[in-house]
Amino acid sequence: MANRLSKIVTRTGDDGTTGLADGTRVNKDDLRIAVIGALDELNSHIGVLLAESLPFEVRTELLLIQNDIFDLGGAVAFPEAPFVNDKLLRLDTAIEHYNANLPPLREFILPGGTRAAALCHVARAHARCAERNYVALMRSNHPPQDGLRYLNRLSDLLFILSRIINQSANQPEIQWQRPPL
4 MANRLSKIVT
14 RTGDDGTTGL
24 ADGTRVNKDD
34 LRIAVIGALD
44 ELNSHIGVLL
54 AESLPFEVRT
64 ELLLIQNDIF
74 DLGGAVAFPE
84 APFVNDKLLR
94 LDTAIEHYNA
104 NLPPLREFIL
114 PGGTRAAALC
124 HVARAHARCA
134 ERNYVALMRS
144 NHPPQDGLRY
154 LNRLSDLLFI
164 LSRIINQSAN
174 QPEIQWQRPP
184 L
């Protein structure tokens, strides 16, 4: 691994192309690269969220998610690579676990509350963006099918975690106010 990452500046992308994990060169605006970029942005936003004070259990979950997102990006970069669906099962379990102790929603929740919860909402929005890009990629390529399901569940979990973060800080949720009729 050290030799592979020892040379960061290669100049091979100066022509507007980049290399996939299998050595194939594609244009930097290729849909596959757009998905990898969206996953990188999502992972970076989760990294910023992790710089905040968070409940230990949420922090642990987010670190696992960061590794999953990295794995998914690798699966997209390596055509025909699998993305293990046990990650999806773990997300489903986490959704049930965290949602069990939240009050039922009576109205839409606006992004906000504590800084950490707001950053979690930003990550959720980026998960949805990555999901949209993934759907577009599926029309022309064959990325791992579980990747789409993972991103869909991940955005749900990030919404739930934003509520958990606010709840743990005793911060009331900001509810959408219906306009008067």
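Heads up, the sequence shown is in my numbering, so the first residue is 4 and it goes up one at a time.
Don't be surprised by glycine CBs; every beta carbon is placed ideally from N, CA and C.
Query	Result
What separation, rounded to the nearest whole angstrom, lies between the Cα atoms of THR117 and GLU64?	19 Å
Using the DSSP secondary-structure output, state which residues sit across from GLN178 in a beta bridge.	ILE112
Counting along the chain, where does the alpha helix (DSSP H) carrying ALA120 start and finish?	118-143
When burial is assigned at 16 or more other CB atoms within 10 Å of the CB, is ALA80 buried or exposed?	buried
If contact is defined by three or more beta carbon pairs under 8 Å, each pair taking one atom from either stretch, is the stretch 151-163 in contact with the stretch 83-103?	yes
By how many angstroms is the C-alpha of PHE59 removed from the C-alpha of GLY115?	20 Å
Write down the C-beta distance between SER165 and ARG131 rounded to the nearest angstrom, noting that I regard them as a contact closer than 8 Å.	SER165 to ARG131, Cβ: 13 Å. No contact.
To the nearest angstrom, how far is it from the Cα of LEU92 to the Cα of THR27?	32 Å
Take ALA5 and list the residues in its own chain whose beta-carbon comes closer than 6 Å to its own, dropping the five residues that flank it on each side.	At ALA5, the pLDDT of 43 sits below 50, so the modelled position is not reliable and the matter cannot be decided from this model.
With a CB to CB cut of under 7 Å and the five nearest residues on each side skipped, what residues in its chain are close to GLN180?	none
Kindly list the residues whose CB is nearer than 6 Å to the CB of ALA41, restricted to its own chain and excluding five residues on each side of it in sequence; keep chain order.	CYS132, ALA133, ASN136
Leaving out the 5 sequence neighbours to the left and right, which residues in its chain are closer than 7 Å to ARG62 when beta-carbon positions are compared?	LEU53
Starting from ASN155 and walking both ways along the alpha helix (DSSP H), at which residues does that stretch end?	148-171
Reducing DSSP to helix, strand and coil, say where VAL79 ends up.	helix
Check the C-beta distance from LEU140 over to VAL38 and give it rounded, since I have them as a contact under 8 Å.	5 Å
Taking 8 Å as the threshold (C-beta atoms), are ILE177 and LEU113 in contact?	yes
Measure the C-alpha to C-alpha separation of GLU44 and SER56 and round it to an integer number of angstroms.	21 Å
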